[in-house]
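When you line the sequence shown up against the numbering used here, it's residues 922 to 1293, in that order. In this text, a Cβ means the ideal position worked out from N, Cα and C, and glycines have one as well. Because the structure is a prediction, the values reported are computed rather than measured. First the structure, in the form of structure tokens, and then the observations on it.
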Amino acid sequence: MQYRNAQVMIDLDAIKQNIAMLKTQLPKETTIFAVVKADGYGHGSVEVAKAALQAGASMLCVAILEEAVTLREAGIKAPILVMGYTDPAFSGEAESLDIQLTAFQLDWLEEAKRHISNQLNLHIKLDTGMGRLGLRTVEDVAMFLETVDDPLFNVVGIFTHFAKADAADDSYYLYQEAHYKELIQPIKQRYKQSILYHTGNSAASMRFPADMYDAVRVGISMYGLYPSIYVRDHSPFELIPALSLTTQLVHVKQLPQGEKISYGLTYETETDEWIGTLPIGYGDGIQRRFQHFEVLVEGKRMPIVGRVCMDQCMVKLDKAYPIGTMVTFIGKDQTEKITLEEVAEHLGTINYEVCCLLTSRLPRIYVNESTS
Ligand SMILES: *Cc1c(COP(=O)(O)O)cnc(C)c1O
């Protein structure tokens, strides 16, 4: 039951269309892994995963084992890869739920062996320059291949992650790409069976589609958001944002000049002003830094005035509006729109962070959900 006057709306058709657009750019043999970590970047991992699979994604990627278990518990049967570190003590759970894990440490393999009953599917992680997780040298790869050569392990993929595929200067991307090519040589020689080679995130797959091996791990662009302003400005196609965030005016009043608004009294009316109250605040992910940013009312921009509270905030209106008037934080209203990129710029961060931080207190409403 939804009682509150605020919600995140997710257009699942937008997600499918974004995947379709990404596919048209990629070579036919390159498949799409849909990245649904962090509850699908705040969009809802289960619903996004289902839409992505319907649109032709071949695998789901998450960051931690819990997220994979959530997908399985929702009845999703597709292959799932946990891209981050999983404690090897839980490799038995992963095996029994047919969840693929990421491996890059010899000790991890030794410990995992004690928990696997038959065989665990693994992707080997290579650190080609992100400095986060993975094997870094040809020697380390060689040693790892010795240890992983065990019937308890089935190597199904080898991947790396780019640190700077979203910027105008592509030199570091090219360096990492060359390093990956070098590190996979011994793997290519050893494994005659088919193994999934994958490197690209959204930025790399949009900018260098021809370099993308067997699959791309697409997160942000699937949601209709750009990996960076540079990629947005040089995108071969326009992505369709799936997420919008709306609320309603729950109180409207006219105040004379000199009245104070919210904690700390940081705003004072300059003349007779119409002030509206919105039932949404930093407890929903509308951070205090939203102060001075804008919302849309009947297609017009209205400033957020005074401090944002945990559950509420105030806006300055251009006139009286009825209680229940729709207010848009993110999304389109008539001819005006506020994108997550614009919000992120105001907050001094990136769109990824803003959508991840929308809390579970905001109900997610799905539109264009397929009935199949
Ligand atoms: C999050 C993540 C991705 C997806 O990145 P986007 O920029 O959202 O496309 C891909 N690979 C790894 C390893 C990740 O952690």
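Nonlocal neighbours in the same chain, by C-beta distance under 6 Å from F1250, ignoring five residues either side = Along the sequence shown, read from residue 1 onward, the residue named residue 1250 stands at position 329. Closer than 6 Å at Cβ, skipping near neighbours: L1166, V1216.
Unbroken beta strand (DSSP E) run spanning Y1287, endpoints = Position 366 of the sequence shown, counted from the first residue, corresponds to residue 1287. Counting along the chain, the beta strand (DSSP E) containing Y1287 begins and ends at 1285-1288.
When every heavy atom of ligand 1 is checked, does at least one fall within less than 7 Å of the C-beta of A1136?
-> By 1-based counting over the sequence shown, the position of residue 1136 is 215. For A1136, the shortest separation between its Cβ and any heavy atom of ligand 1 does not lie below 7 Å.
Buried versus exposed call for A962 [16 or more other C-beta atoms within 10 Å across all chains shown] = Locating residue 962 in the sequence shown gives position 41, counting from the first residue. Looking at the sequence itself, residue 962 is Tyr, so the reference to Ala does not match. By the neighbour-count rule (16 or more Cβ atoms within 10 Å), Y962 is buried.
What do you reckon, is the C-beta of A973 under 7 Å from a heavy atom of ligand 1?
-> Position 52 of the sequence shown, counted from the start, is the residue given in the question as residue 973. No, ligand 1 has no heavy atom inside 7 Å of this Cβ.
Is G1005 closer than 8 Å to T1023 when the C-beta atoms are compared?
-> The residue given as residue 1023 occupies position 102 in the sequence shown. The residue given as residue 1005 occupies position 84 in the sequence shown. Against a cut-off of 8 Å, the Cβ pair of G1005 and T1023 comes out as a contact.
Could you name the residues of the same chain whose beta carbon sits closer than 7 Å to that of S1183, not counting the 5 residues immediately before and after it, in chain order?
-> The residue given as residue 1183 occupies position 262 in the sequence shown. So the qualifying residues of the chain are G1227, R1228, C1230, M1235.
Can you give me the Cβ contacts of T1068 inside the same chain, cut-off strictly under 7 Å, excluding the 5 residues immediately before and after it?
-> If you number the sequence shown from 1, residue 1068 lands on position 147. Contacts found: L1027, L1030.
Which residues does DSSP pair with H1119 in a beta bridge?
-> On the sequence shown, position 198 is the one that residue 1119 refers to. According to DSSP, H1119 bridges with F1080, A1136.
6 Å CB neighbourhood of T1190 in its chain, flanking five on each side removed | Looking up residue 1190 in the sequence shown gives position 269. If we look at T1190 and ignore the five residues flanking it on each side, its Cβ neighbours are L1176, Q1178, E1180.
Start and end of the beta strand (DSSP E) containing T945?
-> As a first step, residue 945 is located in the sequence shown; it is residue number 24 there, counting from the start. Membership of T945 in any beta strand (DSSP E) is not indicated; the residue belongs instead to the alpha helix (DSSP H) covering 933-946.
Distance, Cα to Cα, E1098 vs V1059?
-> Position 177 of the sequence shown, counted from the first residue, corresponds to residue 1098. Position 138 of the sequence shown, counted from the first residue, corresponds to residue 1059. One C-alpha to the other measures close to 15 Å.
State the Cα-Cα distance for the pair Q923 and P1284, rounded to the nearest angstrom.
-> Position 2 of the sequence shown, counting from 1, holds the residue named residue 923. Position 363 of the sequence shown, counting from 1, holds the residue named residue 1284. Approximately 7 Å, taken between the alpha carbons.
So, are the CB atoms of S1142 and L943 less than 8 Å apart?
-> As a working mapping, residue 1142 is identified with position 221 in the sequence shown. As a working mapping, residue 943 is identified with position 22 in the sequence shown. Going by C-beta atoms, S1142 is nearer than 8 Å to L943.
Can the beta-carbon of K1170 be found less than 8 Å from the beta-carbon of V1275?
-> On the sequence shown, residue 1170 is found 249 positions in, with the first residue counted as 1. On the sequence shown, residue 1275 is found 354 positions in, with the first residue counted as 1. In the sequence as presented, Lys is not what sits at residue 1170; that position holds Leu. Their beta carbons are not under 8 Å apart, which means L1170 does not touch V1275 by this criterion.
Counting along the chain, where does the beta strand (DSSP E) carrying H1172 start and finish?
-> Numbered from its first residue, the sequence shown carries residue 1172 at position 251. Per DSSP, H1172 belongs to the beta strand (DSSP E) from 1172-1176.
Measuring from the CB of H1082, is there a heavy atom of ligand 1 at a distance below 7 Å?
-> The residue given as residue 1082 occupies position 161 in the sequence shown. H1082: yes, Cβ under 7 Å from ligand 1.
Say yes only if the C-beta of I1161 is nearer than 7 Å to one or more non-hydrogen atoms of ligand 1, and no if none qualify.
-> Position 240 of the sequence shown holds residue 1161. Checking every heavy atom of ligand 1 against the Cβ of I1161, none is found closer than 7 Å.
Whole-angstrom distance between Y1094 and A1084, CA atom to CA atom = Taking the first residue of the sequence shown as position 1, residue 1084 is located at position 163. Taking the first residue of the sequence shown as position 1, residue 1094 is located at position 173. Cα to Cα, A1084 sits roughly 7 Å from Y1094.
For the candidate residues S1149, L1199, L1104, R1138, whose alpha-carbon lies nearest to that of R1057?
-> The residue you call residue 1057 lines up with position 136 of the sequence shown. Among S1149, L1199, L1104, R1138, the Cα nearest to that of R1057 belongs to L1104.
Using CA coordinates, which residue listed in R1111, F1074, K1046 is at the minimum distance from H1119?
-> What you label residue 1119 is simply residue 198 of the sequence shown in a count that begins at 1. Checking every option, the nearest Cα to that of H1119 belongs to K1046.
What are the boundary residues of the alpha helix (DSSP H) that M1064 is part of?
-> Residue numbering aside, residue 1064 sits at position 143 when the sequence shown is read from its first letter. It spans 1059-1069 - the alpha helix (DSSP H) in which M1064 sits, taken as one unbroken run.
Where P1162 falls, given that 16 or more other Cβ within 10 Å makes a residue buried = As a first step, residue 1162 must be located in the sequence shown, where it is residue number 241. Label assigned to P1162: buried.
Of the listed residues G977, A927, S966, nearest to K949 (C-alpha basis) = For the purposes of this step, residue 949 is identified with residue 28 of the sequence shown, where counting begins at 1. Here the closest residue by C-alpha is G977.
With a threshold of 7 Å, establish whether the CB of G1013 neighbours any heavy atom of ligand 1.
-> As a working note, residue 1013 is residue 92 in the sequence shown. With a cutoff of 7 Å, G1013 does not count as near ligand 1, since its C-beta is closer than that to no heavy atom of the ligand.
Answer with buried or exposed for H1172, where buried requires no fewer than 16 other C-beta atoms within 10 angstroms of its C-beta.
-> Here residue 1172 refers to the residue found at position 251 when the sequence shown is read from its first residue. Burial call: exposed.
Under 8 Å, do L1164 and L1261 count as touching if we go by C-beta distance?
-> Start at 1 with the first residue of the sequence shown, and residue 1164 comes out as number 243. Start at 1 with the first residue of the sequence shown, and residue 1261 comes out as number 340. Taking 8 Å as the Cβ cut-off, L1164 and L1261 qualify as a contacting pair.
Any 3 or more C-beta pairs closer than 8 Å across the segment 1128-1135 and the segment 927-940 = no
Residue range of the beta strand (DSSP E) that includes G1013 | Walking along the sequence shown from the start, residue 1013 turns up at place 92. No beta strand (DSSP E) holds G1013; the alpha helix (DSSP H) holding it covers 1012-1017.
So does P1107 have its beta carbon nearer than 7 Å to some heavy atom of ligand 1?
-> For the purposes of this step, residue 1107 is identified with residue 186 of the sequence shown, where counting begins at 1. No, the Cβ of P1107 stays beyond 7 Å of every heavy atom of ligand 1.
Beta-carbon proximity list for A999, same chain, < 7 Å, skipping 5 on both sides = Taking the first residue of the sequence shown as 1, we reach residue 999 at position 78. Here the set comprises L974, M980, L981.
Residue closest to L1146, alpha-carbon to alpha-carbon, out of R1111, L947, I1259, F1011 = Translated into positions along the sequence shown, residue 1146 becomes position 225. Closest option to L1146, Cα to Cα, is I1259.
Could you give the residue range of the beta strand (DSSP E) that holds H1044?
-> Here residue 1044 is taken as the residue at index 123 of the sequence shown, counted from 1. Per DSSP, H1044 belongs to the beta strand (DSSP E) from 1041-1046.
Beta carbon of S1142: closer than 7 Å to some heavy atom of ligand 1?
-> The residue given as residue 1142 occupies position 221 in the sequence shown. Yes; taking the cut-off as 7 Å, the Cβ of S1142 has a heavy atom of ligand 1 nearer than that.
Helix, strand or coil for K958, going by three-state DSSP, please let me know.
-> Counting from 1 along the sequence shown, the entry for residue 958 is found at position 37. It is helical.
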